[in-house]
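Counting from 12, one number per residue, gives the positions in the sequence shown under this note's numbering. Ideal Cβ positions, reconstructed from N, Cα and C, are used throughout, including at glycine. Here is the structure we will look at.
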Amino acid sequence: MDAMAEYEFVNVYVPRGVSRKDATRLLTDHAEYGHWELDRLTLMRDGSRRVRLRRRIIRQVRATW
C-alpha cells in the first residue's frame with residue numbers, strides 16, 4: 012500500500028496594487044525555479060491575493076547493502 016504524498020507549503024501575499032500580469036509572472040517563477048504548484052488562491056475584499064503553494068517532499072530511501 013502506497014503512503015500518501017507529503018507536501019511542504021509556502022504562503023505568498025500579493026498586494027492590491029500588483030497587476031494580474033505581474034502576479035502571474037511571480038507565481039510562474041516560483042513554479043518554474045522552485046518546483047512549486049498552486050494549492051489555493053484567495054482573493055481578498057481589498058483586491059489583494061493570498062496564495063498557498065505546495066511542492067512534494069521526496070524522501071530518499073536509505074540503501075541497505
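* Asked: Just how far apart, CA to CA, sit E36 and A42?
  -> It is worth fixing the name first, because residue 36 is Arg in this sequence and not Glu. Those two C-alpha atoms are separated by around 10 Å.
* **Neighbour-count burial assignment, M12, 16 or more Cβ in a 10 Å radius** => Here M12 scores only 43 on pLDDT, less than 50, and its place in the model is too uncertain to base an answer on.
* Among the residues of its own chain, which have a CB less than 6 Å from the CB of V62, if the five just before and after it don't count? -> V23 and L52
* Just reading off the beta strand (DSSP E) that T39 is part of, what are its end residues? -> No beta strand (DSSP E) contains T39, which is instead part of the alpha helix (DSSP H) from R31 to G45.
* Asked: Between the beta-carbon of R34 and the beta-carbon of I68, is there less than 9 Å?
  -> One detail in the question is off: residue 34 reads as Ala in this sequence, not Arg. Going by C-beta atoms, A34 is not nearer than 9 Å to I68.
* Reference P26, options D50, M55 and L64, closest by Cα -> M55
* Asked: Which of helix, strand or coil does DSSP assign to R60?
  -> strand
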